[in-house]
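Structure first, commentary second.
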Amino acid sequence: MAQEVRGVIAPGKNEPVRIETIVVPDPGPGEAVVRVQACGVCHTDLHYKQGGISDDFPFLLGHEAAGVVESVGDGVTDVAPGDFVILNWRAVCGQCRACLRGRPWYCFNTHNAKQKMTLTDGTELSPALGIGAFAEKTLVAAGQCTKVDPAASPAVAGLLGCGVMAGIGAAINTGNVGRGDSVAVIGCGGVGGAAVAGSRLAGAARIIAVDIDDRKLATAKALGATHTVNSRETDAVEKIRELTGGFGADVVIEAVGRPETYQQAFYARDLAGTVVLVGVPTPEMKLELPLLDVFGRGGALKSSWYGDCLPSRDFPMLIDLYLQGRLDLEAFVTETIQLDEVEKAFERMHEGDVLRSVVVF
Ligand code: APR
Ligand code: ZN
Ligand code: ZN
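Shown next as structure tokens:
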């Protein structure tokens, strides 16, 4: 029998979000219903609300979530009711070209639930990133549920479902940061902060955090930055070079998503170094670089989608490292809030004083 729960929807472009009754169908074949315990507020939710991602209103927002599987449909064998899971937006298909050539972190046929959640009048909802977890319960494809150690708190675990995974993965998966490397991270919000934490985890010897906000630099320091640079006051490229023996960093991670900061990343790396773009640009942004510099400086210019993560590989591992005290995931939870405070959390996001606000149920 379908259930009725409370959830936060974005009704139309730039309209304030509101709580509505959501009808959650019983899971069909390959699907699962998850009782959501915590869900972080991410920029992508705000972009949905602003109409920046698609026009398929109304959206059921929320996608950085953890919870407990309540029921599963036919044919589901990987998870069972009672499992503690982090929801992911890359439930790899196993059949697309990327999957078949052994690169499932590029899967472009990610599974979502086939059935639709609706409002009580039957209006179909579009769940953010195929998840929709600002709701007491949500319907997803079973492959979107990644089982992890239930000793982790849901508020902390859920963040691995998106932004924090993107940042850690930008360092350890895309950037391939290794023991002894020098790393610079430009932009130290939730994503960049996670890139700092990921670089520490990978054994980087020098981690330079760059931001224009001293509050973010202070958090970056707590997460493992060995040096901080306020790029409003100091030339970021010169300072990074100076802090790396005049060479530049082995890996520079751009976690803002702007041409100016990408350009800094490009020139702040050592010859043959790697630039990782994990910040998401907007469609009108353009980048101009002398092609001779692109050639002459060598190395790799990479982008990182979702931290090139493989949820089944990375989520349980990172939760284990967190439980061992080797990865401070708690630092990313600035505040826990109630379901009716999502709109306020969007405002706080603008003011820049949170890494993550997390709705707890
Ligand atoms: N130079 C350095 N830092 C900057 C600059 C700049 N010119 N402009 C902004 N920043 C800093 C902000 O001060 C903030 O600390 O970048 C950080 C951005 O962090 P958040 O707004 O918290 O965003 P976050 O969730 O970390 O996401 C960053 O990654 O996944 C993408 O869509 C996301 O593009 C966004 C980026
Ligand atoms: Zn695939
Ligand atoms: Zn997100």
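If you read the sequence shown in my numbering, its first letter stands for residue 37, the second for the next number, and so on.
Positions of the beta carbon are idealized from the N, C-alpha and C atoms, including for glycine.
Treat the numbers as computed from the prediction; the structure is a model and nothing was measured.
- What does glutamate 278 pair with, by DSSP beta-bridge criteria? Here the question's residue 278 lines up with position 242 in the sequence shown. Residue pairing by DSSP places glutamate 278 in no beta bridge whatsoever.
- Query: Under the DSSP definition of a beta bridge, which residues are partnered with arginine 83?
  - Reply: The residue you call residue 83 lines up with position 47 of the sequence shown. A small fix is needed here, since residue 83 is histidine in this sequence, not arginine. Per the DSSP secondary-structure output, histidine 83 pairs with nothing in a beta bridge.
- So what does DSSP say about cysteine 135, is it helix, strand or coil? Residue 135 sits at position 99 when you count from the first residue of the sequence shown. If DSSP states are grouped into helix, strand and coil, cysteine 135 belongs with the helices.
- Message: Looking only at its chain, what residues have a beta carbon closer than 7 Å to the beta carbon of aspartate 249, apart from the 5 residues adjacent to it on each side?
- Response: Counting from one through the sequence shown, the residue named residue 249 turns up at place 213. Counting only residues of its own chain and dropping the five nearest sequence neighbours on each side, aspartate 249 has a CB closer than 7 Å to the CB of Gly388.
- Task: Under 8 Å by Cβ, that's how I've got threonine 182 and glycine 343 pegged, so tell me the actual separation to the nearest angstrom.
- Result: Walking along the sequence shown from the start, residue 182 turns up at place 146. Walking along the sequence shown from the start, residue 343 turns up at place 307. The C-beta separation of threonine 182 from glycine 343 comes to about 14 Å, leaving the pair out of contact by the 8 Å criterion.
- Message: Our contact map puts glutamate 366 next to valine 390 with C-beta atoms below 8 Å; I'd like the distance itself, whole angstroms only.
- Response: Residue numbering aside, residue 366 sits at position 330 when the sequence shown is read from its first letter. Residue numbering aside, residue 390 sits at position 354 when the sequence shown is read from its first letter. So it is not a contact: roughly 14 Å between Cβ atoms.
- Query: Which whole runs of the alpha helix (DSSP H) in the region 211-263 are 4 residues long or more, in chain order?
  - Reply: Counting only runs of 4 or more, we get 226-237 and 250-259.
- How about cysteine 132: is its Cβ closer than 7 Å to a heavy atom in ligand 2? Within the sequence shown, the letter at position 96 stands for residue 132. Result yes, Cβ under 7 Å from ligand 2.
- Between which two residues does the alpha helix (DSSP H) harbouring lysine 401 extend? There is simply no residue 401 to check, as the chain begins at 37 and stops at 397 in what is shown.
- Applying the criterion that 16 or more other CB atoms from any shown protein chain within 10 Å of the CB defines a buried residue, is glutamine 180 buried or exposed? Residue mapping note: residue 180 aligns to position 144 of the sequence shown, counting from 1. Buried is the call here.
- DSSP three-state call for isoleucine 355: helix, strand or coil? To locate residue 355, count along the sequence shown from 1; it is residue 319. DSSP places isoleucine 355 in helix when its eight states are reduced to three.
- Query: With burial defined as no fewer than 16 other Cβ atoms inside 10 Å of the residue's Cβ, what is the status of leucine 307: buried or exposed?
  - Reply: Position 271 of the sequence shown, counted from the first residue, corresponds to residue 307. Counting every other CB atom within 10 Å of its CB across the protein chains shown gives leucine 307 a total below 16, marking it as exposed.
- Item | Helix, strand or coil at isoleucine 89 according to DSSP, with G and I counted as helix | The residue labelled residue 89 in the question sits at position 53 within the sequence shown. Coil.
- Message: Quick check on valine 369: buried or exposed, where buried means 16 or more other Cβ atoms within 10 Å of its Cβ?
- Response: Position 333 of the sequence shown, counted from the first residue, corresponds to residue 369. With 16 or more other Cβ atoms inside 10 Å of its own Cβ, valine 369 counts as buried.
- Item | threonine 57 vs threonine 156 beta-carbon contact at 8 Å | Here residue 57 corresponds to residue number 21 of the sequence shown, with the count starting at 1. Here residue 156 corresponds to residue number 120 of the sequence shown, with the count starting at 1. Result yes, Cβ atoms of threonine 57 and threonine 156 sit closer than 8 Å.
- Under 7 Å from any heavy atom of ligand 3, does the C-beta of histidine 83 make it? Locating residue 83 in the sequence shown gives position 47, where the first residue counts as 1. Checking every heavy atom of ligand 3 against the Cβ of histidine 83, none is found closer than 7 Å.
- Assign lysine 380 to buried or exposed, taking buried as 16 or more other Cβ atoms, counted over all protein chains shown, within 10 Å of its Cβ. Locating residue 380 in the sequence shown gives position 344, where the first residue counts as 1. By the beta-carbon neighbour count (other beta carbons within 10 angstroms, threshold 16), lysine 380 is exposed.
- Expressed to the nearest angstrom, what Euclidean distance is found between the alpha-carbon atoms of valine 288 and valine 330? Position 252 of the sequence shown, counted from the start, is the residue given in the question as residue 288. Position 294 of the sequence shown, counted from the start, is the residue given in the question as residue 330. Those two C-alpha atoms are separated by around 15 Å.
- Query: When DSSP labels each residue in this structure, what does valine 316 get in the three-state scheme?
  - Reply: Locating residue 316 in the sequence shown gives position 280, where the first residue counts as 1. DSSP places valine 316 in coil when its eight states are reduced to three.
- Task: On a CA-only basis, which of Arg215, Arg139 and Ala164 is nearest glycine 87? Give me that one, please.
- Result: Taking the sequence shown and counting its residues from 1, one reaches residue 87 at position 51. Glycine 87 has its Cα closest to that of Ala164, out of Arg215, Arg139 and Ala164.
- If we ignore side chains and look at the alpha-carbon of each, how far apart do glycine 200 and alanine 230 end up? Stepping through the sequence shown from its first residue, residue 200 is reached at position 164. Stepping through the sequence shown from its first residue, residue 230 is reached at position 194. A quick correction: the sequence has valine, not glycine, at residue 200. Going by the C-alpha atoms only, they are around 5 Å apart.
- Query: Do the region 219-233 and the region 188-203 touch if we need at least three Cβ pairs shorter than 8 Å?
  - Reply: The region 219-233 vs the region 188-203: in contact.
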